Structure formats: C-alpha cells, structure tokens
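Okay, so here's the structure we're looking at.
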Amino acid sequence: MAQVHDYTQRNWDDDATLDAPLREIQGTITAQTPMNAGDEVILCLRCRVDEVESLVEQAATWKAHISFLAPVSTKVISAAAPPQLLRQMVQQIGTAIQHSLFQQLEHSRSIDPITNIAGRSRLNVRLEQEWRRMRSNQMPLALILGEFDQQEAYRKTYGKQAYNDCLRQLTKAVNSSARRSGDLVAQYQESTLAILLPNTSLDDAICLAKKIRWRIKSLAIESDEVQTPHHFTMSLGITSITPSHALTPANLVAGTEASLRQAQRAGGDQLIWQEGIL
18 MAQVHDYTQR
28 NWDDDATLDA
38 PLREIQGTIT
48 AQTPMNAGDE
58 VILCLRCRVD
68 EVESLVEQAA
78 TWKAHISFLA
88 PVSTKVISAA
98 APPQLLRQMV
108 QQIGTAIQHS
118 LFQQLEHSRS
128 IDPITNIAGR
138 SRLNVRLEQE
148 WRRMRSNQMP
158 LALILGEFDQ
168 QEAYRKTYGK
178 QAYNDCLRQL
188 TKAVNSSARR
198 SGDLVAQYQE
208 STLAILLPNT
218 SLDDAICLAK
228 KIRWRIKSLA
238 IESDEVQTPH
248 HFTMSLGITS
258 ITPSHALTPA
268 NLVAGTEASL
278 RQAQRAGGDQ
288 LIWQEGIL
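So the mapping is simple: my numbering equals the position in the sequence shown, first residue as 1, plus 17.
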C-alpha cells in the first residue's frame with residue numbers, strides 16, 4: 018500500500034543533516050520507514066534563512082537557522098530510481114538555502130549587528146561610488162569621522178551590555194542628524210562613526226558636525242544597568258575635497274583620520290577640519 022512521506026511536518030534537524038559551506042550545499046534525507054514505488058514524498062523546496070551567525074570557536078564557519086515555508090512540490094517515487102529522485106530534491110533544497118544564505122551573509126557584512134547601521138564594507142563601496150560620481154561632476158565629497166570620548170571608561174564601569182545599549186542610543190542620535198537621502202552614516206570602528214556626504218562643502222560639513230556634537234552633549238543616556246543618566250562628548254574630524262585623478266578615496270580617509278586624532282589629542286569634545294589634501 019502506498020505511503021505518504023511528508024517531510025514538511027517533521028523536525029528537519031532530526032530527519033536530515035545539512036552540510037553548508039559557502040560554495041556548495043549538500044543535504045541528506047533519512048527516512049524513518051522504507052520507501053517503495055508509488056509512495057508520495059512531500060518536500061518543501063522553498064526556504065528562508067532567518068539568521069546567520071559566525072562560530073567563534075571555528076573560524077570561517079557559519080551557523081544558519083533555516084525555516085521551511087509551505088510545501089510547493091509533491092513527488093511520486095518511481096519504481097526505477099527513488100534514490101536519484103531524492104538526491105534531485107535535496108539538491109534543489111540546497112540551491113534555495115545557498116541563495117538565501119548568501120543574501121544573509123551579504124546583509125551581515127553590510128549592516129553592523131549592534132547599531133543596525135551600515136557597516137565598514139558598505140561604507141567602502143559607497144565611498145568608491147561617490148568618489149567616481151563626484152569626480153565626474155566636479156563636486157566636493159566630505160567625510161566626517163566621530164568617536165565618543167568616554168566610551169571605553171563607560172564599558173569598563175558598566176559592562177558590555179550597557180555599553181551596547183549606550184552605543185545604539187548615541188548612534189541613533191548621529192544617524193538622525195544626517196537627513197539627506199544621499200548621506201550615509203556607517204560604523205567605521207566599534208566606537209567610531211563615519212558620515213559620508215556627497216556634494217558637500219567644508220562649511221556645510223562643519224555645520225553638520227557641530228549639530229552632531231551638540232546633540233551628543235545634550236543626550237542623557239539611560240540603561241537598565243545604569244541607575245543615573247550618563248552624558249557623552251564626541252571628537253570629530255572633517256575633510257572635504259573635490260576628487261581628481263591625482264587623488265584616491267584613501268586620501269580623503271587619511272586626512273579625516275588625522276583630523277580626528279588631532280581633535281582627540283586636544284582633549285576631546287573638539288572639531289578639527291581641513292579642506293583639500295596637502
């Protein structure tokens with residue numbers, strides 16, 4: 018008598034193993050009962066990857082949580098080659114997972130997991146794009162680098178969780194200050210933010226940096242782990258140049274980093290800027 022093997026109703030972890038390196042995904046389905054000619058096999062060939070995390074103890078290894086959607090394919094095992102049919106099904110599942118996993122990995126690289134703003138890789142891509150665009154149009158490109166002055170002492174005093182909560186609130190304040198659609202606020206380093214400003218003069222970039230500095234100083238950071246509100250200041254370095262073939266995006270970054278370091282050496286809570294690259 019024909020049976021129905023419905024894999025959409027079972028726990029995937031119990032019934033199958035999935036080896037998922039980034040370049041090739043293979044799956045193996047193990048049935049609890051023998052399969053015979055005429056049996057139906059119901060598989061879900063659509064899936065999504067809900068979250069991706071790297072394993073600290075195993076470098077370059079990723080763990081994905083996979084959710085299978087409603088079944089979209091019903092197959093009947095033929096008398097000739099049930100193993101080949103199952104292998105084909107598993108390959109289709111693997112392809113779907115690989116596509117979704119790749120999208121999630123790209124997202125995890127481009128979005129900072131703590132602050133949920135653009136990460137360094139996305140900043141690098143946008144910087145190259147805007148550099149070429151501003152060079153073609155002969156328009157200025159500005160970059161602001163800002164670092165929260167008291168962040169290290171805050172983390173040592175109150176712990177990682179309180180620090181992350183604090184960083185999210187500070188980042189939200191900075192992000193809300195850059196309102197133009199073409200502006201990009203990104204995580205440059207753990208406590209350093211970058212604001213990329215296409216078609217922005219030095220004066221306009223300084224004006225925005227002053228606004229950010231004032232907003233951070235006036236913000237009272239609250240956290241479940243901290244009983245009293247905490248206030249921060251911010252050091253900012255600013256550079257604006259008109260890109261040319263004689264310069265590269267690295268020149269813009271280096272000049273802005275130098276301005277930021279100068280602001281920090283001056284005691285913090287400072288704005289230091291330069292126009293052009295000497």
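Even for Gly, the Cβ is constructed at its ideal location relative to N, Cα and C.
No experiment lies behind these values; they were computed from the predicted model shown.
Rounded to whole angstroms, what's the CA-CA distance from residue i to residue j? Just pull it up for me.
| i | j | result |
| --- | --- | --- |
| Ala87 | Pro130 | Only weak support exists for where Ala87 lies, its pLDDT of 48 falling under 50; the value from the coordinates is given anyway. So the two alpha carbons sit approximately 29 Å from each other. |
| Trp148 | Thr245 | 44 Å |
| Leu140 | Ile128 | 10 Å |
| Ile161 | Thr174 | 28 Å |
| Lys227 | Gly285 | 14 Å |
| Met156 | Gln206 | 27 Å |
| Gln178 | Gln168 | 13 Å |
| Thr217 | Ser257 | 7 Å |
| Asn192 | Gly199 | 13 Å |
| Ala7 | Gly176 | What is shown of the chain runs 18 to 295, which leaves residue 7 out entirely. |
| Phe249 | Ser138 | 27 Å |
| Ala297 | Gln291 | Residue 297 cannot be examined here, being either before or after the span of the chain that is shown, 18 to 295. |
| Leu225 | Gly163 | 12 Å |
| Val270 | Ile134 | 19 Å |
| Pro5 | Leu144 | Here the chain covers residues 18 to 295 and nothing more, so residue 5 does not appear. |
| Leu307 | Glu274 | With the chain covering only 18 through 295, there is no way to say anything about residue 307. |
| Gln146 | Thr259 | 14 Å |
| Asn268 | Arg197 | 24 Å |
| Pro215 | Thr209 | 20 Å |
| Asn154 | Val142 | 19 Å |
Residue i: buried (16+ other C-beta within 10 angstroms of its C-beta) or exposed?
| i | result |
| --- | --- |
| Arg230 | buried |
| Ile42 | Here the model assigns Ile42 a pLDDT of 39, short of 50, so the residue's position is not dependable, and the following value carries that caveat. Burial call: buried. |
| Ala283 | exposed |
| Ser235 | exposed |
| Ala159 | buried |
| Gly272 | buried |
| Ala222 | buried |
| Glu239 | exposed |
| Asp166 | buried |
Excluding the 5 residues flanking residue i on each side, which residues of the same chain have their C-beta closer than 6 Å to its C-beta?
| i | result |
| --- | --- |
| Gln287 | Ser252 and Ala280 |
| Ile212 | Ile161, Ala195 and Val202 |
| Ile289 | Gly254, Ser276, Gln279 and Ala280 |
| Arg308 | Any answer about residue 308 is impossible in this case: the structure gives the chain only from 18 up to 295. |
| Leu39 | Because Leu39 carries a pLDDT of 33, less than 50, the predicted location of this residue cannot be relied on, and the following value inherits that uncertainty. Cβ neighbours of Leu39 beyond the five flanking positions: none. |
Once you ignore the five residues that flank residue i on each side, which residues in its own chain have a CB closer than 7 Å to its CB?
| i | result |
| --- | --- |
| Tyr171 | Tyr180, Cys183 and His247 |
| Thr132 | Leu184, Arg185, Thr188 and Gln204 |
| Ser261 | Arg152 |
| Arg232 | Ala190 and Ser194 |
Ends of the beta strand (DSSP E) at residue i?
| i | result |
| --- | --- |
| Thr256 | Met251 to Ile258 |
| Glu164 | Leu158 to Phe165 |
| Pro215 | Thr209 to Pro215 |
If I follow the unbroken alpha helix (DSSP H) through residue i, where does it start and stop?
| i | result |
| --- | --- |
| Ala203 | Here Ala203 belongs to no alpha helix (DSSP H); instead the beta strand (DSSP E) covers Leu201 to Gln206. |
| Asn181 | Lys177 to Asn192 |
| Asn154 | Arg137 to Asn154 |
| Asn268 | Pro266 to Arg282 |
| Asp221 | Leu219 to Ser235 |
So, for residue i: in the same chain, excluding its five sequence neighbours on each side, which residues have a beta-carbon less than 8 Å away from its beta-carbon?
| i | result |
| --- | --- |
| Ala237 | Pro246, His247 and His248 |
Quick one: does residue i have its CB under 8 Å from some CB of chain C?
| i | result |
| --- | --- |
| Ile233 | No chain C appears in this structure, which consists of one protein chain only. |
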